[in-house]
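Asker: My questions will all concern the structure given below.
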Amino acid sequence: MNYSSPHRFHIPVMGLAYTVDSPIKVARFGISSVISIVEDRLIEMMRSHYYQTANLPYHPIATHEEDYRAKRIADYLNLVNSIVQQQVEKLKTAAFEKGSEIIKYFEMLPEDSALKQLYKQMMKMSHQHEKEKIEQYLRSQIVPGAIDVNIMTKVDRETFNKEGVLQEDGSEAVAALRGFVKSDLANSSVIFSAGMNPRLYNYLEQCKELDANEEGVFNKKVVVKVSDYRSALIQGKYLAKKGIWVSEFRIESGLNCGGHAFATEGYLLGPILEEFKTKKEELTSALFEIYNAAQQKKNNRSFDKAPAIVYSVQGGIGTSEEDEFLHQQYGIQSTGWGTPFLLVPEATTVDEETMQLLCAAKENDVVLSNNSPLGVRFHYLKGTSSAKEKETRINKGNPGSPCTEKHLSFNTEFTKEPICTASKKYQQLKLEQLQLLQLPQAEYEKQAQQVLDKECLCVGLSNSAAINYKQTFVKKLEAVTICPGPNIANFSKVVSLQTMTDHIYGRENIMENKSRPHMFIAELHLYMNYLREQLAEGATVEQDAKKKKYITSFCSNLRDGIDYYRNLSVVAVSGREEFDAALNSVEEELDLLMTVHRKII
Numbered sequence: 001m002n003y004s005s006p007h008r009f010h011i012p013v014m015g016l017a018y019t020v021d022s023p024i025k026v027a028r029f030g031i032s033s034v035i036s037i038v039e040d041r042l043i044e045m046m047r048s049h050y051y052q053t054a055n056l057p058y059h060p061i062a063t064h065e066e067d068y069r070a071k072r073i074a075d076y077l078n079l080v081n082s083i084v085q086q087q088v089e090k091l092k093t094a095a096f097e098k099g100s101e102i103i104k105y106f107e108m109l110p111e112d113s114a115l116k117q118l119y120k121q122m123m124k125m126s127h128q129h130e131k132e133k134i135e136q137y138l139r140s141q142i143v144p145g146a147i148d149v150n151i152m153t154k155v156d157r158e159t160f161n162k163e164g165v166l167q168e169d170g171s172e173a174v175a176a177l178r179g180f181v182k183s184d185l186a187n188s189s190v191i192f193s194a195g196m197n198p199r200l201y202n203y204l205e206q207c208k209e210l211d212a213n214e215e216g217v218f219n220k221k222v223v224v225k226v227s228d229y230r231s232a233l234i235q236g237k238y239l240a241k242k243g244i245w246v247s248e249f250r251i252e253s254g255l256n257c258g259g260h261a262f263a264t265e266g267y268l269l270g271p272i273l274e275e276f277k278t279k280k281e282e283l284t285s286a287l288f289e290i291y292n293a294a295q296q297k298k299n300n301r302s303f304d305k306a307p308a309i310v311y312s313v314q315g316g317i318g319t320s321e322e323d324e325f326l327h328q329q330y331g332i333q334s335t336g337w338g339t340p341f342l343l344v345p346e347a348t349t350v351d352e353e354t355m356q357l358l359c360a361a362k363e364n365d366v367v368l369s370n371n372s373p374l375g376v377r378f379h380y381l382k383g384t385s386s387a388k389e390k391e392t393r394i395n396k397g398n399p400g401s402p403c404t405e406k407h408l409s410f411n412t413e414f415t416k417e418p419i420c421t422a423s424k425k426y427q428q429l430k431l432e433q434l435q436l437l438q439l440p441q442a443e444y445e446k447q448a449q450q451v452l453d454k455e456c457l458c459v460g461l462s463n464s465a466a467i468n469y470k471q472t473f474v475k476k477l478e479a480v481t482i483c484p485g486p487n488i489a490n491f492s493k494v495v496s497l498q499t500m501t502d503h504i505y506g507r508e509n510i511m512e513n514k515s516r517p518h519m520f521i522a523e524l525h526l527y528m529n530y531l532r533e534q535l536a537e538g539a540t541v542e543q544d545a546k547k548k549k550y551i552t553s554f555c556s557n558l559r560d561g562i563d564y565y566r567n568l569s570v571v572a573v574s575g576r577e578e579f580d581a582a583l584n585s586v587e588e589e590l591d592l593l594m595t596v597h598r599k600i601i
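UniProt numbering applies: residue 1 is where the sequence shown begins, and numbers increase by one.
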């Protein structure tokens, strides 16, 4: 039968280390979370830690072993699954008494949950025999949250054997996928983020584990993270042709999110969700026709009806009102609460120094940076140990990071073998080139800064787990990078898992920023900031017809988004006047920008 989560939210993937063991922390309470399986050295470190924690023998999987990356990932996922299953069995046998985990399980459920209502009824009963019958039933209904995995499709470096021969189906993303499908996980999903990767998507066709059974139920599902409807349609059709069904589209705000940000062409989250809602049947029908034909060709079978497609959303959600609105207005099945959970040690893995930075973070402390070697904008928290380490290297005249992991090594500007733009080798070569160009000083400094901005993410996003668990990730490299969304400015204290869950369901309010705008308004401001940044390029934009067209379309879509929000009958139970005032203010600002830059727009 199909798995159904007892909760209406999930914890999305964050960085490399921050959710690497989240299922071990939260799955037994029915909460789903996502593990990044990009960094296999981190996975191997976590294998070592948790085998020892579980008092089981740890057998290293060395890099000289065939398909070691997939083996590490599969074994770690099996280990996590085994630990979670043991935790659940223990929880099921706990006594219904104050402080027990079984009490915590039911107390954290949403108030409208039938199980929660039955639990409350049972706790008030005095008749022991009837009470025990309900207790037994409640125990039988306990299910763990899903153990899902994330593969960032852009992180797919080719790999070679000792003889230098390209390994077939050995690229990093493909090997990670193989690790997932070969694992024991059930009722789990692989989530693809960062756009389409034909090599990776083509490999999916070989994965029988992703096929539905005779009843049309999937044991392992495919989820695609998208920022608009068009992307969902394109990727969904591509996969359907391979006989792969997308069970969920995870819709993420283009800019109001953590980590890498993929700005849309001015399309705002509300109108995007509306399009998904109104075209759900159309999308399902279009994909099912293609999928069924592919299944007939691939497996000589077809289905009478389309498998379900779930919509989830994430990016800047901060209040129970917003969460409830997304469910009710757009039919969202699950909301992703990422950044706030960085302040929940019971759910994520963040070192103490970085945790304190997160608690103190204000609006200006999170920047949409150019720090990622991928060349994609990246939300970045100022003041981290990684930022300090980078600055120290620059001041010593030795910029760039040692490149030990090479997951983001894609640049061949100076070398035959791809290297990372955050590496010492690349930055030294690039700066030497800039010096030879004899550019005007201002232009040289601008281009040099673009080089120096790039930062090692493979190690920086992994080290928090190494610090927390007193392990060594890469010797002599201990700096931490963290990439919360702008929403972190609204959360300023460490809280328990139960407290955060209570906040999500409206039983408690931990938000101290009383002036925080609605998530739709916050995203709108982020897009306006992004537009101002694009317009600041002025003459460059004016000379570039493609970019000029992009900005014109961007402004038009922003205006359409503002009109959509203005006509939306209900946005929140409270704060409608403030919401409308903010829309008016942004519209006036947009009008002014369009007047000032009329040559471009």
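A virtual CB, placed ideally from N, CA and C, is assigned to each residue, including glycine.
Are T404 and V474 touching if we call contact CB-CB under 7 Å?
Answerer: For the purposes of this step, residue 404 is taken as residue 404 along the sequence shown, with counting starting at 1. For the purposes of this step, residue 474 is taken as residue 474 along the sequence shown, with counting starting at 1. In contact: T404 and V474 (Cβ atoms closer than 7 Å).
Asker: Give the DSSP-derived three-state secondary structure of V84 in the structure shown.
Answerer: In the sequence shown, counting from the first residue as 1, residue 84 sits at position 84. V84: helix per DSSP, three-state reduction.
Asker: In this structure, does DSSP put R199 in helix, strand or coil?
Answerer: Residue 199 sits at position 199 when you count from the first residue of the sequence shown. Of the three classes helix, strand and coil, the one that applies to R199 here is helix, per DSSP.
Asker: On the three-state DSSP scale, how would you describe A74?
Answerer: Along the sequence shown, one-based indexing puts residue 74 at 74. Three-state DSSP puts A74 in a helix.
Asker: Less than 7 Å between the beta carbons of I35 and V149, yes or no?
Answerer: In the sequence shown, counting from the first residue as 1, residue 35 sits at position 35. In the sequence shown, counting from the first residue as 1, residue 149 sits at position 149. In this structure, V149 lies closer than 7 Å to I35 by Cβ.
Asker: State the CB to CB distance for the pair V344 and M511, rounded to an integer number of angstroms; the pair is presumed to be in contact (CB under 8 Å).
Answerer: The residue given as residue 344 occupies position 344 in the sequence shown. The residue given as residue 511 occupies position 511 in the sequence shown. Contact doesn't hold; Cβ gap of about 14 Å is too wide.
Asker: Given this structure, state the Cα-to-Cα distance separating R72 from S188, to the nearest angstrom.
Answerer: Along the sequence shown, read from residue 1 onward, the residue named residue 72 stands at position 72. Along the sequence shown, read from residue 1 onward, the residue named residue 188 stands at position 188. One C-alpha to the other measures close to 18 Å.
Asker: Between the Cα of S372 and those of K98, K154, K90, spot the shortest distance and give me the residue it belongs to.
Answerer: The residue labelled residue 372 in the question sits at position 372 within the sequence shown. With distances taken between Cα atoms, S372 lies closest to K154.
Asker: Could you give the C-beta distance for R566 and L590, rounded to a whole number, given that I count them as a contact under 8 Å?
Answerer: Walking along the sequence shown from the start, residue 566 turns up at place 566. Walking along the sequence shown from the start, residue 590 turns up at place 590. Going by Cβ atoms, the distance from R566 to L590 rounds to 13 Å, so no, they are not a contact pair.
Asker: Between which residues of its own chain and L429 is the CB-CB distance below 6 Å, once the five residues before and five after are set aside?
Answerer: Here residue 429 refers to the residue found at position 429 of the sequence shown. Same-chain partners within the cutoff: F414.
Asker: On the CB-based measure, 16 or more other CB atoms within 10 Å of its CB, does D563 come out buried or exposed?
Answerer: Counting from 1 along the sequence shown, the entry for residue 563 is found at position 563. Label assigned to D563: exposed.
Asker: First and last residue of the beta strand (DSSP E) that includes S188?
Answerer: Within the sequence shown, the letter at position 188 stands for residue 188. 188–193 is the span of the beta strand (DSSP E), which, as asked, contains S188.
Asker: Thinking R199 and A70 are a contact (beta carbons under 8 Å), I'd like their distance in whole angstroms, please.
Answerer: As a position in the sequence shown, residue 199 is number 199, starting the count at 1. As a position in the sequence shown, residue 70 is number 70, starting the count at 1. Not really, about 15 Å apart at Cβ, beyond 8 Å.
Asker: Ignoring anything shorter than 4 residues or poking outside the stretch 234–285, list the alpha helix (DSSP H) runs there in chain order.
Answerer: Entirely contained in the stretch 234–285, the alpha helix (DSSP H) runs reaching 4 residues are, in chain order, 269–278.
Asker: Give the DSSP bridge partners of residue 621, in chain order.
Answerer: Absent from the model: residue 621. The displayed extent of the chain is 1 to 601, so no value can be given.
Asker: How is Q427 classed by DSSP in three states: helix, strand or coil?
Answerer: Counting from 1 along the sequence shown, the entry for residue 427 is found at position 427. Looking at Q427 - three-state DSSP - the assignment turns out to be helix.
Asker: Under a three-way DSSP split, which group does K154 fall into?
Answerer: Start at 1 with the first residue of the sequence shown, and residue 154 comes out as number 154. Residue state, collapsed to three classes: coil.
Asker: Find out if the Cβ-Cβ distance for the pair L461, G15 is shorter than 7 Å.
Answerer: As a first step, residue 461 must be located in the sequence shown, where it is residue number 461. As a first step, residue 15 must be located in the sequence shown, where it is residue number 15. Their beta carbons are under 7 Å apart, which means L461 touches G15 by this criterion.
Asker: Starting from S32, follow its DSSP beta bridges and name the residues at the other end.
Answerer: Along the sequence shown, read from residue 1 onward, the residue named residue 32 stands at position 32. DSSP lists H10 as partners of S32.
Asker: Report, in whole angstroms, the separation of the C-beta atoms of P271 and D580, which I expect to be a contact under 8 Å.
Answerer: In the sequence shown, counting from the first residue as 1, residue 271 sits at position 271. In the sequence shown, counting from the first residue as 1, residue 580 sits at position 580. At roughly 17 Å, the Cβ-Cβ gap does not stay under 8 Å, so P271 and D580 are not in contact.
Asker: Cutting at 8 Å between CB atoms, please list the residues of its own chain near M1, excluding the five before and the five after it.
Answerer: Here residue 1 is taken as the residue at index 1 of the sequence shown, counted from 1. For M1, the pLDDT reaches just 40, beneath the cut-off of 50, and the residue's location in the model is therefore unreliable, leaving the point undetermined.
Asker: Nearest by alpha-carbon distance to K388: which of D453, T349, C420, T339 is it?
Answerer: Counting from one through the sequence shown, the residue named residue 388 turns up at place 388. It is D453 whose Cα lies nearest to the Cα of K388.
Asker: With DSSP as the reference, identify every bridge partner of S312, one or two as the case may be.
Answerer: Residue numbering aside, residue 312 sits at position 312 when the sequence shown is read from its first letter. S312 pairs with R250, S334.
Asker: Pull up the distance between the alpha-carbon of N81 and that of M152, whole angstroms please.
Answerer: Taking the first residue of the sequence shown as 1, we reach residue 81 at position 81. Taking the first residue of the sequence shown as 1, we reach residue 152 at position 152. Near 22 Å, if we compare the C-alpha coordinates of M152 and N81.
Asker: Does DSSP classify N411 as helix, strand or coil?
Answerer: Walking along the sequence shown from the start, residue 411 turns up at place 411. Note: N411 maps to strand in three-state DSSP.
Asker: Using C-beta distances below 8 Å, list every residue in its chain close to D67, excluding the 5 sequence neighbours before and after it, in chain order.
Answerer: As a working mapping, residue 67 is identified with position 67 in the sequence shown. Excluding sequence neighbours, D67 sits near G170, A175, R178.
Asker: E111 to Y505, Cα distance in whole Å?
Answerer: Locating residue 111 in the sequence shown gives position 111, counting from the first residue. Locating residue 505 in the sequence shown gives position 505, counting from the first residue. Straight-line Cα distance between these residues: approximately 8 Å.
Asker: Would you list the residues sitting across from V149 in a DSSP beta bridge?
Answerer: Sequence index remark: in the sequence shown, residue 149 carries index 149 (1-based). BP columns for V149 point to I35, V190.
Asker: Assuming H379 is part of the beta strand (DSSP E), what are its boundary residues?
Answerer: The residue labelled residue 379 in the question sits at position 379 within the sequence shown. First-last of the beta strand (DSSP E) with H379: 378–381.
Asker: What separation, rounded to the nearest whole angstrom, lies between the Cα atoms of M123 and K242?
Answerer: Sequence index remark: in the sequence shown, residue 123 carries index 123 (1-based). Sequence index remark: in the sequence shown, residue 242 carries index 242 (1-based). Cα to Cα, M123 sits roughly 51 Å from K242.
Asker: Are the C-beta atoms of E533 and some chain B residue less than 7 Å apart?
Answerer: The structure shown contains no chain B; it holds only a single protein chain.
Asker: Using 8 Å as the threshold, is the stretch 331–348 in touch with the stretch 229–238, meaning 3 or more CB pairs across them?
Answerer: These segments do not touch.
Asker: Quick one: Cα of S312 to Cα of K599, how far?
Answerer: As a first step, residue 312 is located in the sequence shown; it is residue number 312 there, counting from the start. As a first step, residue 599 is located in the sequence shown; it is residue number 599 there, counting from the start. Roughly 40 Å separates the two Cα atoms.
Asker: What separation, rounded to the nearest whole angstrom, lies between the Cα atoms of K424 and E455?
Answerer: Looking up residue 424 in the sequence shown gives position 424. Looking up residue 455 in the sequence shown gives position 455. Going by the C-alpha atoms only, they are around 10 Å apart.
Asker: Assign Y137 to buried or exposed, taking buried as 16 or more other Cβ atoms, counted over all protein chains shown, within 10 Å of its Cβ.
Answerer: What you label residue 137 is simply residue 137 of the sequence shown in a count that begins at 1. When all chains shown are included, Y137 counts as exposed.
Asker: Between which two residues does the alpha helix (DSSP H) holding S553 run?
Answerer: The residue you call residue 553 lines up with position 553 of the sequence shown. 545–567 is the span of the alpha helix (DSSP H), which, as asked, contains S553.
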